[in-house]
Amino acid sequence: QLQASGGGLVQTGGSLRLSCTASGGSFEFTGMGWYRQALGKQRELVAAISDSGLKEYAASVKGRFTISTNNAKDTVYLEIDNLKPEDTGIYYCNSPDPWSDSGFQAPWGQGTLVTVSS
11 QLQASGGGLV
21 QTGGSLRLSC
31 TASGGSFEFT
41 GMGWYRQALG
51 KQRELVAAIS
61 DSGLKEYAAS
71 VKGRFTISTN
81 NAKDTVYLEI
91 DNLKPEDTGI
101 YYCNSPDPWS
111 DSGFQAPWGQ
121 GTLVTVSS
């Protein structure tokens with residue numbers, strides 16, 4: 011199970027730190043992605059970190075979002091700075107797994123809602 015938390019209501023220009031915590035004992039860190047789904051839009055990948063620590067970001071968030079892990083690699087963070095109204099959405103975390111029917115290690119959780127007011 012992967013649980014995203016840390017969302018909230020912030021003003022434009024504010025910051026948030028989201029956390030993604032693995033529980034249940036069956037999760038194996040092979041990389042992680044943070045995904046965002048705005049109302050009426052498809053879920054999109056905004057940041058990813060590989061098992062070796064390589065990081066990639068969507069163009070729309072580069073320079074404002076930072077993905078990282080703790081040493082145990084059982085928690086993945088997404089630091090969001092200079093928030094914009096278009097960052098509003100539900101943020102999810104998940105780990106790609108090409109061998110899984112769904113393409114991911116875990117089912118999608120409830121995510122955490124980020125709302126940016128203008």
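The numbering of the sequence shown is our numbering, which starts it at 11 and goes up by one. Using N, Cα and C, we set each Cβ at its ideal position, and we do this for glycine too.
What does residue i pair with, by DSSP beta-bridge criteria?
i: G18; result: V124
i: K65; result: I59
i: P129; result: The shown model of the chain, from 11 to 128, leaves out residue 129, and the question about it has no answer.
Please go through the same chain and pick out, in chain order, the residues whose beta-carbon is closer than 6 Å to the beta-carbon of residue i, but skip the five residues on each side of it.
i: T31; result: Q13, T85
Could you check how far apart the C-beta atoms of residue i and residue j are, in whole angstroms? I think they sit under 8 Å.
i: S29; j: I90; result: The Cβ separation is near 12 Å, so there is no contact.
Figure out for me which residue from the options has the closest Cα to the Cα of residue i.
i: N80; options: F39, V126, G16, P106; result: F39
i: E54; options: G17, W44, G23; result: W44
i: S107; options: V20, S33, G41; result: The sequence as given places Asp at residue 107; Ser does not occur at that position. Considering only alpha carbons, the answer is G41.
Taking 7 Å as the limit between beta carbons, can you name the residues of its chain near residue i, skipping five residues before and five after?
i: A48; result: T98, G99
i: D61; result: F39, T40, G41
Quick check: the stretch 87-101 against the stretch 120-127, are there 3 or more CB pairs under 8 Å?
yes
Inspect the CB distances between the stretch 107-115 and the stretch 85-96 and report whether three or more fall short of 8 Å.
no
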